[in-house]
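Novice: Dropping the structure in here first, questions after.
In the numbering used here, the protein residues as written are 74 to 335.
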C-alpha cells in the first residue's frame, strides 16, 4: 500500500453542546502518511474533535480541510475505528471485513484477495471463518482494523481503540498496532487518554487543555514508529513530559466531572 498523500487540517475549530463549550479555537495538522495523536484530560473534547474531523459533526466555528490525492485504490477517503468494533455476530471474521467492500466499485472477483491481505496484516488469517463470539476483545478489535484497512482509506480516525481492553490484551496488541499503523502508511488521527500509547504511536502529539479544549502544546517525535519500545528511555521521557502538561488539568477535570455527576 502506498503512503497516503492526504493532509488533514483543522483551523479555529470551536464547538458547543447547548451552553457547554467543549472545544475552542483548535488548530490541528495531520501530515500525510503520519500518525497524529490527540491527548488531554477527560471531557476535553477529544472525541468531539475526531467527529468534526470526520464530518460526523459540524463545528460551531472553524473549518476542516482535506488536501491531496487519495489514490486510485481508495474506496472510502475517511474511515473510523471506534472503541467497540461493532461486529455483526451472524457474519464470520471474513464476512465482517467483506461487508465494507460489498457496495463499492471493487469487482467481486478482487474482494477475496483484498480480504485475505488485510487479514494477514492483522494476523487474522487463521480466524477467517471464526464467529465474533469466539474471539477475545483484542481479536475483535483486530477485525475492526482489518475492516477499516480493506477500503484503503486516505485518512484513518481512531477513537481510543484499545481503551475497552484489559491491561494484558492492550499490552499485547499495542506493539502490533504500532507496526500495523506504520506499514499502512495512512494519514492517521489517534485519540487516546493513555500516555504510553501516545508515545509509542505518535509522530505528532497534540495536547488539549481541559474543557473547553484548546491546544496546549504540540510535541513532535522523529523516531520511527516501528522499533519503538515501551521501556525506551526516550519514550519514557516523552510520557513524563506529557504528564507534566496535563496533570493539573486532569485533576481539575476530574473534580469538575465528579461535581457534575453529584
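Glycine is no exception: its CB is placed at the ideal position from the N, C-alpha and C atoms. Values in this document were obtained by computation on a predicted structure and should not be read as measured data.
Distance, Cα to Cα, residue 312 vs residue 279?
Specialist: Near 13 angstroms, if we compare the C-alpha coordinates of residue 279 and residue 312.
Novice: Assess contact between the segment 228-237 and the segment 149-165, defined as three or more Cβ pairs (one per stretch) separated by less than 8 angstroms. Is contact present?
Specialist: These segments touch.
Novice: What residues match up with residue 152 in a beta bridge as DSSP calls it?
Specialist: DSSP lists 229 as partners of residue 152.
Novice: What separation, rounded to the nearest whole angstrom, lies between the Cα atoms of residue 196 and residue 91?
Specialist: Distance between the alpha carbons of residue 196 and residue 91: 44 angstroms.
Novice: Which of the three DSSP states is assigned to residue 318 in this structure?
Specialist: Reduced to three states, the DSSP call for residue 318 is helix.
Novice: Out of 162, 305, 211, 172, state which residue places its alpha-carbon closest to the alpha-carbon of residue 204.
Specialist: Closest option to residue 204, Cα to Cα, is 162.
Novice: Starting from the C-beta of residue 322, find all residues in its chain whose C-beta is less than 7 angstroms away, skip the five residues before and the five after it, and write them out in chain order.
Specialist: 114, 282, 283, listed in sequence order.
Novice: Let me confirm a value: residue 119 is counted as buried when at least 16 other C-beta atoms fall within 10 Å, else exposed. Which label applies?
Specialist: Buried, by the Cβ-count rule.
Novice: Where does residue 291 land, buried or exposed, given buried means 16+ other C-beta within 10 angstroms?
Specialist: Exposed is the call here.
Novice: Using C-beta distances below 8 angstroms, list every residue in its chain close to residue 297, excluding the 5 sequence neighbours before and after it, in chain order.
Specialist: The residues are 255.
Novice: Using a Cβ-Cβ cut-off of 8 angstroms (strictly less than) and excluding sequence neighbours within five positions of residue 167, which residues of its own chain qualify?
Specialist: Excluding residues within five positions, the ones whose Cβ falls inside 8 angstroms are 188, 192, 201, 202.
Novice: Count the other C-beta atoms from every protein chain shown that fall within 10 angstroms of the C-beta of residue 132, then say buried if there are 16 or more, exposed otherwise.
Specialist: Buried, since its Cβ has 16 or more Cβ neighbours within 10 Å.
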